[in-house]
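Numbers in our numbering are just positions in the sequence shown, counted from 1, shifted up by 3. Glycine included, each C-beta is placed from N, C-alpha and C at the ideal position. All remarks here apply to the structure that follows.
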Amino acid sequence: MTIEKIEAQLDNLEMQLTFQEDTINSLNKLVTEQTQQMTEMQKQIRWLGKRLKQMQENQSTDSDPAAEPPPPHY
4 MTIEKIEAQL
14 DNLEMQLTFQ
24 EDTINSLNKL
34 VTEQTQQMTE
44 MQKQIRWLGK
54 RLKQMQENQS
64 TDSDPAAEPP
74 PPHY
């Protein structure tokens, strides 16, 4: 191999390395953003679950006829 071919291969490898580093940084940023989004969605799901449970508990106490006041008599 000549010096020119070795230098060309080295330049090519350096370009590939630079491209791969850029790709890794972009993917890392994307993964970080998605992790933050998933964390926020998990918080929202937990809140919705609690809210749904509260609504179900309120509905079950509302449907209990013994818990209702007697109707007015005319």
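- prompt: How long is the line joining the alpha carbons of Met44 and Gln37, rounded to whole angstroms?
  reply: Counting only the Cα atoms, Gln37 lies some 10 Å from Met44.
field: Secondary structure of Thr38, DSSP reduced to three states
entry: DSSP, read as helix, strand or coil, puts Thr38 in helix.
task: May I have a chain-ordered list of the alpha helix (DSSP H) segments no shorter than 4 residues that lie completely inside the region 5-67?
output: Considered as a whole, the region 5-67 harbours 6-65 as its complete alpha helix (DSSP H) runs of no fewer than 4 residues, in chain order.
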